[in-house]
Amino acid sequence: MPTPAAPLLTVRDLAVTFGVRGQRAVHAVDEVSFEIRPGQHVGLVGESGSGKSVTSLAIMGLLPKRGVRTSGEVLWGGRNLLTADPDELSRLRGREIAMVFQDPMTSLNPVVPIGVQVSEVIRRHEKADRREAQDRAEALLRQVGIPDPGRRLREYPHQLSGGMRQRVLIAIAIACGPKLLIADEPTTALDVTIQAQVLEVLKELVADTNAALLLITHDLGVVAGICDEVNVMYSGRIVESTTRNRLFATPRHPYTGGLLESIPRLDSPRGAPLRPIPGSPNQTIPWTEGCAFAPRCGNRIDECTSSPPPLKYEGDRDLRCYNPLSDPARAEAVQA
Amino acid sequence: MSITLPPAGGPPVTLGLPEEEIHGVSLWRGAFRRVRRNPSAIAGAIIVAVFVLVAVFAPLLTPYAPGSAEWSGQVTPTSVPGPSADHWLGLDRFGSDMWTQMVYGARQSLVYGVVSTAIGLIVGATLGLVAGGFGAVGGRFGQSVDTFIMRCVDVMLSIPSLLLAVSIAAVLGQNAYSVMIAIGAAQVPIFARLLRGSMLSQGRSDYVLAAGALGLRKKRIVVSHVVPNSVGPTIVQATLNLATAIIEVAALSYLGLGASDPAIAEWGRMLVAAQDRFDVAPRLAILPGVAIAITALGFTLFGEALREALDPRTRR
Amino acid sequence: MSALVSVEGLKVHFPIRSGIVLNRKVGAVKAVDGVDLEIEEGRTLGLVGESGCGKSTLGRALLRLSPVTEGKVIFDGVDVAGLRGEELRRIRQDMQMVFQDPLASLNPRQSVETILTEPLRAHGIAYDRRNRVRELLDQVGMPPSAAQKYPHEFSGGQRQRIGIARAIALEPRFVIADEPVSALDVSIQAQVLNLLEELQQKLGLTYLVIAHDLAVVRHVSDEVAVMYLGGIVEQAPSDDLYSQPFHPYTKALMSAVPVPDPRIEATRERILLQGDLPSPANPPAGCRFHTRCPFRQEARCDTERPELRLIGPGHRVACHYAEDIAAGRITAHEVTPEEVFAG
Numbered sequence: 006m007p008t009p010a011a012p013l014l015t016v017r018d019l020a021v022t023f024g025v026r027g028q029r030a031v032h033a034v035d036e037v038s039f040e041i042r043p044g045q046h047v048g049l050v051g052e053s054g055s056g057k058s059v060t061s062l063a064i065m066g067l068l069p070k071r072g073v074r075t076s077g078e079v080l081w082g083g084r085n086l087l088t089a090d091p092d093e094l095s096r097l098r099g100r101e102i103a104m105v106f107q108d109p110m111t112s113l114n115p116v117v118p119i120g121v122q123v124s125e126v127i128r129r130h131e132k133a134d135r136r137e138a139q140d141r142a143e144a145l146l147r148q149v150g151i152p153d154p155g156r157r158l159r160e161y162p163h164q165l166s167g168g169m170r171q172r173v174l175i176a177i178a179i180a181c182g183p184k185l186l187i188a189d190e191p192t193t194a195l196d197v198t199i200q201a202q203v204l205e206v207l208k209e210l211v212a213d214t215n216a217a218l219l220l221i222t223h224d225l226g227v228v229a230g231i232c233d234e235v236n237v238m239y240s241g242r243i244v245e246s247t248t249r250n251r252l253f254a255t256p257r258h259p260y261t262g263g264l265l266e267s268i269p270r271l272d273s274p275r276g277a278p279l280r281p282i283p284g285s286p287n288q289t290i291p292w293t294e295g296c297a298f299a300p301r302c303g304n305r306i307d308e309c310t311s312s313p314p315p316l317k318y319e320g321d322r323d324l325r326c327y328n329p330l331s332d333p334a335r336a337e338a339v340q341a
Numbered sequence: 298m299s300i301t302l303p304p305a306g307g308p309p310v311t312l313g314l315p316e317e318e319i320h321g322v323s324l325w326r327g328a329f330r331r332v333r334r335n336p337s338a339i340a341g342a343i344i345v346a347v348f349v350l351v352a353v354f355a356p357l358l359t360p361y362a363p364g365s366a367e368w369s370g371q372v373t374p375t376s377v378p379g380p381s382a383d384h385w386l387g388l389d390r391f392g393s394d395m396w397t398q399m400v401y402g403a404r405q406s407l408v409y410g411v412v413s414t415a416i417g418l419i420v421g422a423t424l425g426l427v428a429g430g431f432g433a434v435g436g437r438f439g440q441s442v443d444t445f446i447m448r449c450v451d452v453m454l455s456i457p458s459l460l461l462a463v464s465i466a467a468v469l470g471q472n473a474y475s476v477m478i479a480i481g482a483a484q485v486p487i488f489a490r491l492l493r494g495s496m497l498s499q500g501r502s503d504y505v506l507a508a509g510a511l512g513l514r515k516k517r518i519v520v521s522h523v524v525p526n527s528v529g530p531t532i533v534q535a536t537l538n539l540a541t542a543i544i545e546v547a548a549l550s551y552l553g554l555g556a557s558d559p560a561i562a563e564w565g566r567m568l569v570a571a572q573d574r575f576d577v578a579p580r581l582a583i584l585p586g587v588a589i590a591i592t593a594l595g596f597t598l599f600g601e602a603l604r605e606a607l608d609p610r611t612r613r
Numbered sequence: 013m014s015a016l017v018s019v020e021g022l023k024v025h026f027p028i029r030s031g032i033v034l035n036r037k038v039g040a041v042k043a044v045d046g047v048d049l050e051i052e053e054g055r056t057l058g059l060v061g062e063s064g065c066g067k068s069t070l071g072r073a074l075l076r077l078s079p080v081t082e083g084k085v086i087f088d089g090v091d092v093a094g095l096r097g098e099e100l101r102r103i104r105q106d107m108q109m110v111f112q113d114p115l116a117s118l119n120p121r122q123s124v125e126t127i128l129t130e131p132l133r134a135h136g137i138a139y140d141r142r143n144r145v146r147e148l149l150d151q152v153g154m155p156p157s158a159a160q161k162y163p164h165e166f167s168g169g170q171r172q173r174i175g176i177a178r179a180i181a182l183e184p185r186f187v188i189a190d191e192p193v194s195a196l197d198v199s200i201q202a203q204v205l206n207l208l209e210e211l212q213q214k215l216g217l218t219y220l221v222i223a224h225d226l227a228v229v230r231h232v233s234d235e236v237a238v239m240y241l242g243g244i245v246e247q248a249p250s251d252d253l254y255s256q257p258f259h260p261y262t263k264a265l266m267s268a269v270p271v272p273d274p275r276i277e278a279t280r281e282r283i284l285l286q287g288d289l290p291s292p293a294n295p296p297a298g299c300r301f302h303t304r305c306p307f308r309q310e311a312r313c314d315t316e317r318p319e320l321r322l323i324g325p326g327h328r329v330a331c332h333y334a335e336d337i338a339a340g341r342i343t344a345h346e347v348t349p350e351e352v353f354a355g
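Residue numbers (the working numbering), protein chains in the order written: chain B, 6 to 341; chain W, 298 to 613; chain V, 13 to 355.
Following this line, the structure appears as structure tokens:
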């Protein structure tokens, strides 16, 4: 195997705490570390409350200033983005790191035509005049599969459908050829057939420009189709981190296994009962006291409620568990 | 060793977690708690409390009678006696004790403010309730009723409040009642539109649809479901309107409407009276002016905090 | 087994009005445009489709929560579409709904106990308050202590259980579940689906499950109907539909659903639809799907609306060339997306 290239982005021990005086602090993200290499597709998977969105906002420096404490390192080209000055960050954003958000309705300015919003990014980061930027904007719209792009340049966001708006957001994101594209639930708000279209566009573009991708989602199906590496988050911490194939073939964290077993799938026998994860996501114990997933875990042992499990490298993956699922049993169940 | 879990999908597992409360926290209680913790709300509440207490216990707080003009002999065109041991805030230009005038002025403002806001609230809310109730669940006929009422309200809104006040004074005579009715009338459309808007908005929500699906009668839906969820913003508005009502009372008195007896203590009239002695005794204007401002501020702070506490979006 | 619910030629058109004074009707949004359905007692029919297909409107129309423009909704022999006033109110005891957003469908100012007992009082049904509430909560897997609490104090999954408890409080025979799990976390969805199945067996309920998630619908339904732009394009027993879909839209829909298995995702064949959904106010002439169909044949598809016809045992499809496509005589071709004003 060739030696891997130096990582583009290194997140080390990222922690984000929300707290207002008088209220208990919420540790939205804690001890999160991962790397993204050039051209790699990394997935950050979790449900609501897992901290995955907050992680991406922290990386981009988009968290509010008040009431938020961030610690750790987010290294990009040797600099720690968390402590970089706003000018530097603003130069990076859009140019080297771009972000696509979930809700195209609110991410686009409703009173500015599409063409202006796309060319605005180009003119901000590159020395292009209005004419040039417009031409490039049109080419970008064509690249993301928007029909009749010349006309669309003059249209407003409300004149486009959800899928079209999301493509525009992607066009804005790749306008300056970023090295890393962060997509936060990019297709969650879209219908299934539109989602398939938009994911195809995303895949193609990322492959064409050789950009790295950080995909944040709760949908394991989407992850299976697009990511190389997957990090599973629960209640603010990463609980399992490995390659896509290993994660789906042999999940070892009980949460990952539980999720995979509880999702109704098109390809499994219809009569097979769904095995849900018992309890609800708000039943957790703080990570400082033990494993947050313990109240709902079928593999729970005494240690799980007395001390927090550390993230350890276990042969082929990072795992945060005292009593993980055993390999062979999982492989059997999944292949059945 | 594994602990046995309840069957999958079953009731929650407790692991020595803190006991949950037996009684739930309703939205009102939750809002009350949040307001309690908010510093500006506390400041506002204190100001309002002081204002109300002063107004209510006015006779106990002052050794003299209001508007007595007893010491008019001590007042000259070029001097008005300032603070002294007998008169904590000095005298006003008519020779009454300033402290007494201020305290009784609070009482007047409170009465005027509360009564006029109450008039606006009762009449406006009634109109809003009827329009909103019919509009939310009434179907085509209901919408016609709603439209008709709101058009009437629009007409009321289009009359400038000052003109309205003067017209009412012309009809009812220049006294306290006309001021209160005038200010109240100006507030009617505000409350009507607010409540009606809330009700229409709540009427479109899923829980109202669900109530319909359950076979509840329309009247019951309006009373049990729509109204309780619509009154929040109206209550907040009432608090804020109290603040402006107090200012408006002062303004109308300043303009010469309202009770004609110049000796009656009322902050607005005191401002009028203070004008031509401003160079000699500015405190005659500053004191009532500051009092008006602080009182209005108190109501506003409290009202805003209440709004934030009741808004489901800012919760959590 | 006779059908408990039978829908004939149902149309729900919302008028588009314009003009300041007269407010004339200038068009209509044809949310549901001619639907026939049958649901047998004790069975579950799944209704699947994407946004704008009219499935939610159809569900609401069945309960008369949406106005019915044309057609019949026959419940146990009675045409619900024609009922009014007190009769309509009474029949609501037999037909109930579980809503998508559990937070929005529960009155935030009512305690759980009030939420569950209100329908009983509205219909004058005698009940023992504490026992009935405890019983209902127990049936949906909630502890009795929930009775005094308010909706905002619960998690999404728990709120949905409360919504389900409310729906079964009147002991209905027919329950429509409108996207019952889409607003819930993935790990909770299975809990609620299992609960619905359990209740169906215990209480002998008949279900109409409306969802956009094909995998969810497949799992809980005996029979599945696929909707597109106001009409049903294919309907079949669950196993048959998923093993052999005939309609091009159904095929596209199925191939678009992501599967959490990298091997399948890497090798599956995708049918990608082009363009967007046409506006329900201005649906295409002929076959509603022809503007995006990769198998479109100009001869008939542009002009003739296909009927929902039988193509196999219990399997209906609305496509002129379903057999030809299945046999491979017609193959997929490029589709140039039509200009659609999204509004």
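All residues carry an ideal CB built from backbone N, CA and C; glycine is no exception.
Quantities reported herein were computed from a predicted structural model and do not represent experimental measurements.
Using a Cβ distance threshold of 8 Å, glycine 242 of chain V and proline 274 of chain V do not count as a contacting pair.
Under a criterion of Cβ atoms nearer than 9 Å, the residues of chain V adjacent to glutamate 205 of chain B are, in order, Arg282, Leu284.
Serine 194 of chain V: not part of any beta strand (DSSP E); DSSP gives it neither H nor E. Taken in chain order, the members of the region 214-231 of chain V whose beta-carbon sits within less than 7 Å of a beta-carbon on chain B are His224, Leu226, Ala227, Val228, Arg230, His231. Around the beta carbon of aspartate 150 of chain V, fewer than 16 other beta carbons lie within 10 angstroms, which makes this residue exposed. For alanine 89 of chain B, there is no enclosing alpha helix (DSSP H), as DSSP gives it neither H nor E. Alanine 248 of chain V sits close to arginine 328 of chain V, with the two beta carbons spaced by under 8 Å. Linking glutamine 202 of chain B to alanine 268 of chain V through their CA atoms gives a straight-line distance of about 8 Å. Residues of chain W whose Cβ lies closer than 7 Å to the Cβ of phenylalanine 258 of chain V do not exist, since the nearest Cβ in that chain is about 35 Å away. Taking 7 Å as the cut-off between beta carbons, none of the residues of the region 85-104 of chain B comes near chain V.
Of all alpha-carbon atoms in B:Pro278, B:Pro152, B:Ser331, B:Arg157, the one lying nearest the alpha-carbon of leucine 205 of chain V is that of B:Pro278.
In the three-state reduction of the DSSP assignment, alanine 144 of chain B falls in the helix class, which pools H, G and I. Contiguous beta strand (DSSP E) elements confined to the region 249-334 of chain V occur at 321-324, 327-329, taking only those with 3 or more residues. The contact set of aspartate 224 of chain B on chain V, defined by CB atoms closer than 9 Å, consists of Val198, Pro270, Pro272 in chain order. Using a Cβ distance threshold of 8 Å, alanine 216 of chain B and leucine 185 of chain B count as a contacting pair.
Against chain V, the beta carbon of serine 498 of chain W has no neighbour under 8 Å; the closest one sits roughly 12 Å away. Among the residues of chain V, those whose CB is under 7 Å from the CB of aspartate 503 of chain W are Phe111, Asp113, Ala116, Ser117, following chain order. Under a criterion of Cβ atoms nearer than 7 Å, the residues of chain B adjacent to glutamate 277 of chain V are, in order, Ala229, Gly230. If you draw a straight line from the Cα of glycine 182 of chain B to the Cα of glycine 48 of chain B, it is about 21 Å long. Around the C-beta of tryptophan 396 of chain W, 16 or more other C-beta atoms lie within 10 Å, and the residue is accordingly described as buried. Looking from the CA of leucine 513 of chain W, the closest CA among V:Gly153, V:Ile127, V:Ser18 belongs to V:Ile127.
The C-alpha of alanine 483 of chain W is placed about 48 Å away from the C-alpha of lysine 67 of chain V. In this structure, DSSP gives glycine 529 of chain W a helical state, which the three-state scheme calls helix. Proximity of serine 250 of chain V to chain B, defined by a Cβ-Cβ separation below 8 Å, is satisfied. As a beta-bridge residue in DSSP terms, tryptophan 81 of chain B pairs with B:Leu14, B:Arg84. With fewer than 16 neighbouring CB atoms inside 10 Å of its own CB, glutamine 371 of chain W falls in the exposed class. Not a single unbroken stretch of the beta strand (DSSP E) spanning 3 or more residues falls wholly within the region 143-189 of chain V. Within chain V, no C-beta atom comes less than 7 Å from the C-beta of serine 495 of chain W; the nearest is roughly 13 Å away. Out of V:Ile337, V:Gly326, V:Asp314, the CA that lies nearest to the CA of glutamate 50 of chain V is found in V:Gly326.
Distance from the Cα of threonine 373 of chain W is smallest, within the candidate group W:Ala588, W:Leu603, W:Ser441, W:Val577, for W:Val577.
Contact annotation for proline 131 of chain V against chain W: Leu511, Gly512, Leu513 [CB-CB distance below 8 Å, chain order]. In the structure shown, the three-state DSSP call for glutamate 101 of chain B is coil. If you look at serine 458 of chain W, you'll find it in the alpha helix (DSSP H) that goes 458-469. Take threonine 22 of chain B, set aside five residues on each side of it, and the residues of its chain with a beta-carbon closer than 6 Å to its own are Ala30, His32, Arg74, in chain order. Setting aside the 5 residues that flank it on each side, asparagine 236 of chain B is surrounded in the same chain by Phe39, Leu49, Ile243, Ser246, each with a C-beta closer than 6 Å to its C-beta; the list follows chain order.
Per DSSP, the beta-bridge partners of isoleucine 187 of chain B are B:Met104, B:Leu219.
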